[in-house]
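**Student:**
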Amino acid sequence: MYRIFYIGLAMVLISACHNSTTTTNTTTQEANTCIISPSLKKLIQLTPLSEAPVHGELELTGSVSYDQDHLYHYQSLASGVVREVRFNLGDYVTKGQVLAEIKTTELSDQSAGLHKAEAALALAERQLRATTSLHDDGIASDKELLEAQNEVAAGKLEINRIKETLTIQGGSVDKGVLLIHAPMSGYIVAKKMTTGYQVNAGDDDLFIISDLKRVWVMANVYAAQLGMVKAGQEVAISTTAYPGKVFTGRISRLSNIFDPEEKVMKAVVEIDNANLELKPDMMVSVNVHMSTNEQALAVPLDAVIFDDDNYHVVAYHSDCDVRELTINPLSHDKQYYYVNEDVLHKGDIIISRNQLLIYNQLKGR
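Numbering (the numbering used here), first residue to last: 1246 to 1610.
1) Closer than 7 angstroms: is that where the CB of Asp1354 sits relative to any heavy atom of the ligand NAP?
2) Is DSSP giving Glu1506 helix, strand or coil here?
3) Could you tell me the distance, in whole angstroms, from the CA atom of Ala1481 to the CA atom of Ile1433?
4) Provide the residue(s) that pair with Tyr1561 in DSSP beta bridges, ordered along the chain.
5) Determine, using beta-carbon pairs with one atom in the stretch 1452-1469 and one in the stretch 1523-1539, whether at least three such pairs fall under 8 angstroms.
6) Per DSSP, what are the beta-bridge partners of Gln1540 in this structure?
7) I'd like to confirm the pairing. Which residues does DSSP put opposite Pro1293 in its beta bridges?
8) Quick one: what does DSSP say Asp1547 is sitting in, helix, strand or coil?
9) Taking its Cβ as the centre, do 16 or more other Cβ atoms sit within 10 Å of Asp1587, making it buried, or is it exposed?
10) When the Cβ atoms of the stretch 1537-1551 are set against those of the stretch 1295-1304, are three or more pairs found closer than 8 angstroms?
11) What does the Cβ neighbour count give for Glu1507, buried or exposed, with the cut at 16 atoms within 10 Å?
12) Assign Gln1606 to one of three DSSP states: helix, strand, or coil.
13) Who are the Cβ neighbours of Thr1377 in its own chain at under 7 angstroms, not counting the five residues just before and after it?
14) So, for Asn1518: in the same chain, excluding its five sequence neighbours on each side, which residues have a beta-carbon less than 8 angstroms away from its beta-carbon?
15) When the Cβ atoms of the stretch 1594-1604 are set against those of the stretch 1560-1575, are three or more pairs found closer than 8 angstroms?
16) Please state whether DSSP places Asn1518 in a helix, a strand or coil.
17) Under DSSP, the beta strand (DSSP E) around Ser1455 begins and ends at which residues?
18) Cα-Cα, which of Ala1468, Glu1515 and Lys1490 is closest to Asp1504?
19) Which residues does DSSP pair with Lys1511 in a beta bridge?
20) Taking a contact to mean a Cβ-Cβ separation below 8 angstroms, would you say His1557 touches Tyr1604 in this structure?
21) Can the beta-carbon of Val1445 be found closer than 8 angstroms to that of Ser1324?
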């Protein structure tokens, strides 16, 4: 009888052990399906999201451009051949300096007209002196004196008209050669003309002069950022050419026209460049200082992963339910990215430490 009892007890124990092993294996299998293991959970940090006032900086890309208000484009209004060029690309020139000589037959009429007008003026001035003397002696009438004075005035006007025509053409005539004078002091930033170059009236710019002591920074503003950028905002500009150096300024205006190629609107920052450190076409980063009363979710900077040109976070629901979410930050400061409630909501929990380990698992890396 005891033998039968022990055999039964043994069978119960074996069955219990089998059930225990099955339960253990099932639990282990369930644990293995979870992204966050007990050991990994000790390494992460869970952060609930809350709202905060939006403040900080909006980072834009941009480039340095010429000050369009101090840029001179020279186009010849007369056709001819360049006889001499007295400048090189990058040279600093002063206002009034002779930059080039152009031989052109189109100036012969103006030159002849100028000499004729000067001769006529000299004759009119002699006639005025004689008439004035006769008028003083009571021989010439007031009408004759007035006519002589008008002849002198008309002669001066004709000379000024011809000279203004030459000025519009970009220079002055000397021995049948058009002398091109620098209209302003600055740097030659573009040059097309060379000795022997055939110039046609209305051609593209033969040279461009810019005063680089003041430049424009053109910041790229995407459609989603338009509500955050406006004239008057302070900006901090930096470039890899000068690590650690910051140039400050304010947004002067928005272009209000989208660039058809880049699909952005340009924010213009006029900035002093007395030391000529900023060069046209240099790429820069533009940090726009923002102050607003808006509220948004504050996502810790350390919780955000930048990958594939997008910002990502890892949302936590349970050890076995974690998700990668793509966010679109409105702005950021030194602590937070600020985002609207769309994929994330107030009270949601995200992983803010070692989240990259989990992100890579979710991406199958």
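Glycine is no exception: its CB is placed at the ideal position from the N, C-alpha and C atoms.
**Tutor:** According to the structure shown:
1) The model depicted lacks the ligand NAP and carries no ligand whatsoever.
2) Taking the sequence shown and counting its residues from 1, the one referred to as residue 1506 is at position 261. It is coil, neither helix nor strand.
3) Sequence index remark: in the sequence shown, residue 1481 carries index 236 (1-based). Sequence index remark: in the sequence shown, residue 1433 carries index 188 (1-based). If you draw a straight line from the Cα of Ala1481 to the Cα of Ile1433, it is about 29 angstroms long.
4) By one-based count along the sequence shown, residue 1561 stands at place 316. According to DSSP, which records beta bridges pairwise, Tyr1561 is partnered with Val1567 and Ile1594.
5) yes
6) Position 295 of the sequence shown, counted from the first residue, corresponds to residue 1540. The partner list for Gln1540 (beta bridge, DSSP) reads Pro1298.
7) Taking the first residue of the sequence shown as position 1, residue 1293 is located at position 48. In the DSSP output, where bridge partners are listed per residue, Pro1293 has Ile1594.
8) The residue labelled residue 1547 in the question sits at position 302 within the sequence shown. Reduced to three states, the DSSP call for Asp1547 is helix.
9) One-based indexing of the sequence shown puts residue 1587 at position 342. It is exposed - the Cβ of Asp1587 has fewer than 16 other Cβ atoms within 10 Å.
10) They touch, by the three-pair rule.
11) Your numbering for residue 1507 matches position 262 in the sequence shown. Per the 10 Å Cβ criterion, exposed.
12) Within the sequence shown, residue 1606 is the residue found at index 361, counting from 1. Gln1606: helix per DSSP, three-state reduction.
13) Walking along the sequence shown from the start, residue 1377 turns up at place 132. The residues are Leu1390.
14) Translated into positions along the sequence shown, residue 1518 becomes position 273. Hits under 8 angstroms: Leu1457, Lys1458, Arg1459 and Val1460.
15) yes
16) As a position in the sequence shown, residue 1518 is number 273, starting the count at 1. Three-state result, Asn1518: coil.
17) By 1-based counting over the sequence shown, the position of residue 1455 is 210. Unbroken beta strand (DSSP E) run through Ser1455: Phe1452 to Ser1455.
18) Reading the sequence shown from its first residue, position 259 is the one you call residue 1504. Comparing Cα-Cα distances from Asp1504 to each of Ala1468, Glu1515 and Lys1490, the minimum goes to Ala1468.
19) As a first step, residue 1511 is located in the sequence shown; it is residue number 266 there, counting from the start. Asn1465, per the DSSP bridge assignment.
20) Translated into positions along the sequence shown, residue 1557 becomes position 312. Translated into positions along the sequence shown, residue 1604 becomes position 359. Contact: yes.
21) Here residue 1445 refers to the residue found at position 200 of the sequence shown. Here residue 1324 refers to the residue found at position 79 of the sequence shown. Here residue 1445 turns out to be Asn, not Val, going by the sequence shown. Contact annotation: Asn1445 and Ser1324 have beta-carbon atoms nearer than 8 angstroms.
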